[in-house]
Structures are given as structure tokens and as C-alpha cells.
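In this note's numbering, the protein residues as written are 10 to 193.
Built from N, CA and C at the ideal position, the CB exists for glycine as well.
Taking it in order: structure first as C-alpha cells, then the write-up.
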Ligand code: SF4
Ligand code: SF4
């Protein structure tokens, strides 16, 4: 697949997201909480872009797996906006005729966005419920019994304060919803 970047896309990548400043220290990857599910690590995404391997970047799972937590951007010593890169690649992929590589990855991404649209922030319980039902994972895991492992993990996260029991909405969620309406 031959991906030709427009001048605006090149400008965004080079100037606003500061991708050329990367010197491959891997601090971004070392702090990322979801590398276990990625096929390219965040530093590799940046490296591939600098090498012009846009086909590899736009077709990887990583850009859809990224949860936009911004840990990588905060850790980067060169102010490369890695989280912004992931977001920008999600926009670029369909614009260049590429969709999410797997249905489940797309469903996870859409479930994440619907949570933001509804509450202004992600409620992990709501996200997982939405994803598990839509992807068919709830049925599959219930049938083979592995759902109990997820429940056990959820209880551990609750006990350690890493997950909230009840959802919280932000004050300006009407404004967030308006942003989503403008997008549609
Ligand atoms: S932290 Fe910044 S400089 Fe280091 S590898 Fe990641 S993007 Fe490159
Ligand atoms: S924003 Fe995405 S790539 Fe960066 S640390 Fe968070 S999940 Fe990982």
C-alpha cells in the first residue's frame, strides 16, 4: 500500500506533533499501560513514521488499542506528542482507505468513544460491559467459564482503588456531547 501524505498531514506530523524530534529512548513505550495488546510499540510507531513506513502504521492494531491516557506524551523528553500521533493516525487511516484491522479492535475503540460521549470520561465498568456485549466476548467467556477470571480481576482492581464502582460524570458533558454531534 502506497500512502501519500498531504502537505497538511506532513505539517501536522512534523510541526505540531514533533515526530522528527524522537531519539528512540523508549520512555514512551516503557510507561504505556497497554503494550501487551499492541503489535507495534509506541516508539516503533514514531520510528516507522520517521522512516516513511506509513502503510505499517496505518494498518497496525496499536493506533486503535491506544487508550489516549497520555502517559507517553508526558514522559517524552523531546515533547513528541505520541498520544496525539495515535489520535491523528486514527483519523488518517479511514481517510487513506484503511479501517481497523479487526472487528473487535474497532468495537473497543467505538465503545471507548461512546463512554466519553455519554459521561465526558471513561467509566471502566461501562466500557467493559459495552465492549463485552457488542463483541460477543460476554457470551464466549460465559460459555467457557473464563468470565470468572475477569470478575476476579475486576474485584482486585476495585479493592486496590484502580477502578471505580460507580460512574462519575464530568460537569461539562453537554459540551462534550456537542463535540460528538459536530463530528457526525
Ligand atoms: S519518549 Fe519521545 S524521544 Fe523517547 S522514544 Fe518515545 S517519542 Fe521518542
Ligand atoms: S496514550 Fe496510548 S500509546 Fe500513549 S501511553 Fe497511553 S495507551 Fe500508550
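| Asked | Found |
| --- | --- |
| Going by C-alpha to C-alpha distance, which of 96, 80, 118 and 146 sits closest to residue 18? | 96 |
| Residue range of the alpha helix (DSSP H) that residue 93 falls in? | 91–104 |
| Near residue 52, what residues of its chain come up, given a Cβ to Cβ distance below 7 Å and the 5 sequence neighbours on each side ignored? | 33, 35, 37 and 38 |
| I'd like the span of the alpha helix (DSSP H) that includes residue 112, first residue to last. | 112–128 |
| Return the chain-ordered list of same chain residues with a C-beta closer than 7 Å to the C-beta of residue 91, the five sequence neighbours on each side being excluded. | 37, 51, 55, 81, 82 and 85 |
| Got a list of residues with beta-carbon closer than 7 Å to any non-hydrogen atom of ligand 1, in chain order? | 30, 31, 32, 33, 34, 35, 36, 37, 38, 51, 52, 55, 81, 84, 85, 86, 87, 89 and 91 |
| If I follow the unbroken alpha helix (DSSP H) through residue 58, where does it start and stop? | 51–60 |
| Using the three-state DSSP reduction, which class does residue 147 fall into: helix, strand or coil? | helix |
| If distances are taken between C-alpha atoms only, which option among 117, 40, 30 and 105 comes closest to residue 67? | 105 |
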